[in-house]
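Trainee: So this note's numbering is basically just the index in the sequence shown, starting at one, shifted up by 5. Sharing a structure, written as structure tokens. Questions coming.
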Amino acid sequence: MILNQIKIKGLSDTEVSKSRDQYGNNSIEITENRVLWHILKEVVFELMFILLLAACLIYFFVGQYMEGIIMLVSIFIVAGISLYQAYRSQNAIQALRKLSAPKSNVLRNGITVQIPAEEIVIDDILLLEEGEVIAADGLILSAHDFLINESILTGESFPVNKGAENNTGVYKGTLVTSGSAMVKVNAVGNKTMFGKIGLSLKEITVVKTPLQNQISSFVRIMVWIGAIAFLIVVGYNFYQSHNFIHSLLQGLTLAMSVLPEEIPVAFSTFQALGAFRLLRNNIIVKQPQYVETLGSATVICADKTGTLTQNKMSIEYLYDAVSKTSVHCDGKAALPAMLIEYAMWSSETNPFDPMEKAIHALYEKTTVTDIRQNLNRCMNILWVVSPQ
Numbered sequence: 006m007i008l009n010q011i012k013i014k015g016l017s018d019t020e021v022s023k024s025r026d027q028y029g030n031n032s033i034e035i036t037e038n039r040v041l042w043h044i045l046k047e048v049v050f051e052l053m054f055i056l057l058l059a060a061c062l063i064y065f066f067v068g069q070y071m072e073g074i075i076m077l078v079s080i081f082i083v084a085g086i087s088l089y090q091a092y093r094s095q096n097a098i099q100a101l102r103k104l105s106a107p108k109s110n111v112l113r114n115g116i117t118v119q120i121p122a123e124e125i126v127i128d129d130i131l132l133l134e135e136g137e138v139i140a141a142d143g144l145i146l147s148a149h150d151f152l153i154n155e156s157i158l159t160g161e162s163f164p165v166n167k168g169a170e171n172n173t174g175v176y177k178g179t180l181v182t183s184g185s186a187m188v189k190v191n192a193v194g195n196k197t198m199f200g201k202i203g204l205s206l207k208e209i210t211v212v213k214t215p216l217q218n219q220i221s222s223f224v225r226i227m228v229w230i231g232a233i234a235f236l237i238v239v240g241y242n243f244y245q246s247h248n249f250i251h252s253l254l255q256g257l258t259l260a261m262s263v264l265p266e267e268i269p270v271a272f273s274t275f276q277a278l279g280a281f282r283l284l285r286n287n288i289i290v291k292q293p294q295y296v297e298t299l300g301s302a303t304v305i306c307a308d309k310t311g312t313l314t315q316n317k318m319s320i321e322y323l324y325d326a327v328s329k330t331s332v333h334c335d336g337k338a339a340l341p342a343m344l345i346e347y348a349m350w351s352s353e354t355n356p357f358d359p360m361e362k363a364i365h366a367l368y369e370k371t372t373v374t375d376i377r378q379n380l381n382r383c384m385n386i387l388w389v390v391s392p393q
């Protein structure tokens with residue numbers, strides 16, 4: 006890093022507190038559209054839920070308490086499954102956000118410290134190296150062979166060359182693919198480009214899945230059939246017996262036999278079971294109904310680096326050119342210690358390249374005595390003087 010070339014000490018503790026009070030932290034605060042209250046509201050206003058509740062009230066009103074209790078249990082099952090799944094998913098996502106919160110190197114009080122990304126404030130000095138995810142928007146003060154992958158914002162897969170003279174802006178969420186840089190933060194949290202994208206996602210309206218629409222249409226048709234049958238039976242029985250309560254119960258019994266009141270319960274149950282099965286395989290489903298949409302997918306496209314992988318490298322095989330043999334680094338075979346040590350000394354003392362970091366990690370794992378702290382790397386400079 007180029008700290009000695011530029012006399013920058015970074016923010017003091019007082020300046021950090023002042024900047025945090027004025028501009029806030031570097032956390033992206035997005036209110037979830039689908040909180041538990043919204044889930045409960047959707048369940049309550051479902052047509053089948055309203056019908057079940059109406060039938061339950063009628064049973065209690067006419068003194069049929071056992072039927073009313075059975076109907077009430079069905080209502081609680083319908084609402085409980087959706088609420089429980091939503092609550093568990095939200096807790097898992099919050100825990101995942103805390104777990105994946107990156108740390109960043111910043112310059113404060115003249116020294117380099119590593120802090121959580123959400124504690125970064127405006128005017129902080131970020132020290133960026135290869136392989137890091139940039140934690141805030143900023144302007145480059147100095148750079149060395151600095152390339153950034155901005156595909157998360159632009160969709161462009163090729164890295165972008167950044168420097169202090171031109172193209173000086175860096176953005177939160179982008180990946181440093183090469184080099185190092187010193188950056189002064191000018192936007193944090195929701196004010197960053199990444200945060201603005203997150204805020205725009207809040208405006209997305211959640212639509213029902215095709216299966217939900219089909220079930221709603223089917224239930225709506227059966228409701229009309231049940232309502233017509235209910236009116237016919239109540240009218241005919243009242244005409245025959247002149248007993249309104251008896252006629253009402255007869256019509257209600259027929260109507261409830263026609264209405265598919267078990268469909269919402271079964272639908273919610275199977276979706277919850279599917280979401281739970283995915284959760285056991287470390288896949289978080291925010292809403293149970295997404296299981297049906299995921300089940301109908303035939304192709305899933307994902308960015309491999311940092312999504313399906315950890316954006317890290319490790320050494321699997323070593324090739325000894327002297328003996329012309331290849332050794333697997335699985336701990337079963339003896340590894341050539343001299344080869345590992347030579348490779349370590351051929352890399353940077355404080356590596357930022359993923360390959361060199363992997364070499365140092367293998368050296369730490371295999372060496373008995375770490376001699377890196379006892380030796381200093383020196384550079385021999387050859388001066389060539391030509392006669393004038």
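Here a beta-carbon is modelled for each residue, glycine too, at the ideal position from N, C-alpha and C. Computed from a predicted structure; not experimentally measured.
So Y176 is in the beta strand (DSSP E); what residue range does that whole segment cover?
Mentor: Where Y176 is concerned, there is no enclosing beta strand (DSSP E), given that its DSSP letter is neither H nor E.
Trainee: Please report how far the alpha carbon of I145 lies from the alpha carbon of T182, in whole angstroms.
Mentor: 16 Å
Trainee: Counting pairs of beta carbons, one from the stretch 342-358 and one from the stretch 128-145, are three or more of them closer than 8 Å?
Mentor: yes
Trainee: Thinking S319 and A348 are a contact (beta carbons under 8 Å), I'd like their distance in whole angstroms, please.
Mentor: Contact doesn't hold; Cβ gap of about 14 Å is too wide.
Trainee: Just reading off the beta strand (DSSP E) that R113 is part of, what are its end residues?
Mentor: K108 to R113
Trainee: Any contact of the stretch 157-177 with the stretch 222-234, i.e. 3+ C-beta pairs under 8 Å?
Mentor: no
Trainee: For I153, write down the residues that DSSP places opposite it in a beta bridge.
Mentor: V165 and V181
Trainee: Just to confirm my understanding: we take L104, look at its own chain, exclude 5 residues before and 5 after, and list those with CB closer than 8 Å. What are they?
Mentor: Low confidence applies here, because L104 scores a pLDDT of 47, under 50, leaving its location unreliable; read the following figure in that light. For L104, where only same-chain residues beyond five positions count, there are no Cβ hits under 8 Å.
Trainee: Express the C-alpha separation of L204 and N38 in angstroms, rounding to a whole number.
Mentor: With a pLDDT of 48 at N38, under the threshold of 50, the modelled position of that residue is not reliable, and no figure is offered here.
Trainee: Measure the CB-CB distance between V332 and L340 and report whether it falls below 8 Å.
Mentor: yes
Trainee: Just to confirm before moving on: does the CB-CB distance between N195 and T179 stay below 8 Å?
Mentor: no
Trainee: Which complete beta strand (DSSP E) runs does the stretch 327-384 hold, if anything under 3 residues is left out?
Mentor: 330-333
Trainee: In this structure, how does DSSP classify S105 when only helix, strand and coil are distinguished?
Mentor: Unreliable positioning characterises S105 in this predicted model, as indicated by a pLDDT of 48, which lies under 50. The coordinate reading is nonetheless provided below. It is coil, neither helix nor strand.
Trainee: Any heavy atom of the ligand SAH closer than 7 Å to the beta-carbon of T117?
Mentor: The ligand SAH is not among the ligands present in this structure, which contains no ligands whatsoever.
Trainee: Would DSSP call I139 helix, strand or coil?
Mentor: coil
Trainee: I345 to V138, Cα distance in whole Å?
Mentor: Looking at the two C-alpha atoms, the distance is approximately 29 Å.
Trainee: By Cβ distance below 7 Å, which residues in the same chain neighbour G184 in space, the five residues on each side in sequence not counted?
Mentor: E135, A148, H149, D150, F151 and L152
Trainee: Going by C-alpha to C-alpha distance, which of D128, L57 and E321 sits closest to I82?
Mentor: The residue from D128, L57 and E321 with its alpha-carbon nearest to that of I82 is L57.
Trainee: Taking the alpha helix (DSSP H) that V224 belongs to, which residues open and close that run?
Mentor: P215 to S246
Trainee: Assess contact between the stretch 232-239 and the stretch 58-73, defined as three or more Cβ pairs (one per stretch) separated by less than 8 Å. Is contact present?
Mentor: no
Trainee: With a 10 Å radius around its C-beta and 16 neighbouring C-beta atoms as the bar for buried, classify A59 as buried or exposed.
Mentor: exposed
Trainee: What are the start and end residues of the beta strand (DSSP E) that includes T117?
Mentor: I116 to P121
Trainee: To which residues does DSSP link V190 through a beta bridge?
Mentor: V190 is bridged by DSSP to G143.
Trainee: Just the Cα atoms here: how many angstroms apart are N9 and L16?
Mentor: Interpretation of N9 is limited by its pLDDT of 45, a score under 50 that renders its predicted location unreliable; the figure taken from the coordinates is listed afterwards. Rounded to the nearest angstrom, the two C-alpha atoms are 17 Å apart.
Trainee: Check this for me: beta carbons of G143 and V175, under 8 Å apart or not?
Mentor: yes
Trainee: Verify whether the separation of the beta carbon atoms of A141 and N31 is less than 8 Å.
Mentor: yes
Trainee: What is the C-beta distance between N110 and D18, in whole angstroms, given that I count them as a contact (C-beta under 8 Å)?
Mentor: About 17 Å separates the two Cβ atoms, so there is no contact after all.
Trainee: Could you pull the start and end residues of the beta strand (DSSP E) that D18 belongs to?
Mentor: Where D18 is concerned, there is no enclosing beta strand (DSSP E), although the alpha helix (DSSP H) it sits in stretches over D18 to Y28.
Trainee: Look at the alpha carbon of L259 and the alpha carbon of F275, and state the distance between them as a whole number of angstroms.
Mentor: Going by the C-alpha atoms only, they are around 27 Å apart.
Trainee: Which residues bound the beta strand (DSSP E) around L134?
Mentor: The displayed chain sequence assigns Glu, not Leu, to residue 134. Its beta strand (DSSP E) spans residues I130 to E134.
Trainee: For a quick check, are the C-beta atoms of D129 and V190 less than 8 Å apart?
Mentor: In this structure, V190 lies closer than 8 Å to D129 by Cβ.
Trainee: Kindly indicate which three-state DSSP category A307 falls into: helix, strand or coil?
Mentor: Here A307 carries a coil assignment [DSSP, helix/strand/coil].
Trainee: For F243 and I80, I'd like the C-alpha separation in whole angstroms.
Mentor: 30 Å
Trainee: Would you mind reading off the limits of the alpha helix (DSSP H) that contains T298?
Mentor: Y295 to G300
Trainee: Going by C-alpha distance, which of Q27, G85 and F65 is nearest V49?
Mentor: Ranked by Cα distance from V49, the first of Q27, G85 and F65 is G85.
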